[in-house]
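A.B. asks: Below you'll find the structure I mean.
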Amino acid sequence: MMAKDMKKVILIFLLVIIKIYGQNGIRGTNWGMSKSQISRSETSNFIMEGKYILLCRELDVVNTDVLEYTDIIFDRRTHILYHFNNAARLIGITFRFDTSPPLGDVLDAFDAKYGAHEYIKDGMVNYYEYYFNDTKIEVRQVETTTVVMITYIPSQSNTDKY
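Each residue of the sequence shown is one higher than the one before, starting from 24 at the first, in my numbering.
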């Protein structure tokens with residue numbers, strides 16, 4: 024398959040994934056859900072329960088409890104990390120790819136779904152931020168790598184609720 028055709032296939036796949044996961048919250052979740060609610064609703068492969076850092080530009084580094092799953096997203100093996108606060112309520116979701124999709128493809132798909140992104144450069148990290156309903160979506164890439172990570176958190180006005 025030619026590179027141009029592959030890019031179209033990836034873009035269509037991204038749009039389908041965003042449409043599916045964007046209808047009822049991310050992957051059918053709502054902010055504030057419990058670990059047991061996530062466990063019952065998530066259908067991908069469970070990996071572990073443990074601790075992981077929730078990275079977000081506007082938040083201090085937060086060491087959270089996580090439930091980790093794997094699935095195929097953007098045509099790549101992806102680790103899905105559900106982050107929980109001290110009250111065991113969902114406060115963030117991170118998608119970490121084994122092999123990152125091209126940043127341009129991710130941004131094209133997200134721009135089509137959520138509108139234009141806000142670009143922010145902080146040191147060597149490039150942030151592309153979107154806001155959708157009560158959710159902030161942060162796509163980030165460190166300049167010296169091809170690694171793309173996507174984090175979903177409640178928008179600033181909603182962080183105190185959870």
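For each residue, glycine too, the CB sits at the ideal point set by N, CA and C.
#1: Give the straight-line distance between the Cα atoms of Lys144 and Gly115, rounded to the nearest whole angstrom.
#2: How would you label Thr169, buried or exposed, when you count the other beta carbons within 10 angstroms and need 16 or more for buried?
#3: Fully enclosed by the region 92-137, which beta strand (DSSP E) runs are 3 residues long or longer?
#4: If contact is defined by three or more beta carbon pairs under 8 Å, each pair taking one atom from either stretch, is the region 89-103 in contact with the region 70-78?
#5: Give the straight-line distance between the Cα atoms of Phe155 and Tyr137, rounded to the nearest whole angstrom.
#6: For Asp121 and Ala111, what's the separation of their Cα atoms in angstroms?
#7: Grouping DSSP H, G and I as helix and E and B as strand, with all else coil, what is Ser64?
#8: Given Val148, which residues of its chain have a CB within under 6 Å of its CB, disregarding the five upstream and five downstream residues?
#9: How many Å lie between Asn86 and Leu78 at the Cα?
C.D. replies: In brief:
#1: Indexing the sequence shown from 1 puts residue 144 at position 121. Indexing the sequence shown from 1 puts residue 115 at position 92. In this structure, the alpha-carbon of Lys144 lies about 22 Å from that of Gly115.
#2: In the sequence shown, counting from the first residue as 1, residue 169 sits at position 146. So Thr169 counts as exposed.
#3: Within the region 92-137, the complete beta strand (DSSP E) runs of at least 3 residues are 99-107, 113-120.
#4: Yes, since at least three Cβ pairs between the region 70-78 and the region 89-103 fall closer than 8 Å, the two stretches touch.
#5: If you number the sequence shown from 1, residue 155 lands on position 132. If you number the sequence shown from 1, residue 137 lands on position 114. When rounded, the distance between both Cα atoms is 7 Å.
#6: Taking the first residue of the sequence shown as position 1, residue 121 is located at position 98. Taking the first residue of the sequence shown as position 1, residue 111 is located at position 88. Going by the C-alpha atoms only, they are around 27 Å apart.
#7: Here residue 64 refers to the residue found at position 41 when the sequence shown is read from its first residue. Collapsing the DSSP output to three states places Ser64 in a helix.
#8: Along the sequence shown, one-based indexing puts residue 148 at 125. For Val148, where only same-chain residues beyond five positions count, the Cβ hits under 6 Å are Arg163, Val165.
#9: Here residue 86 is taken as the residue at index 63 of the sequence shown, counted from 1. Here residue 78 is taken as the residue at index 55 of the sequence shown, counted from 1. So the two alpha carbons sit approximately 9 Å from each other.
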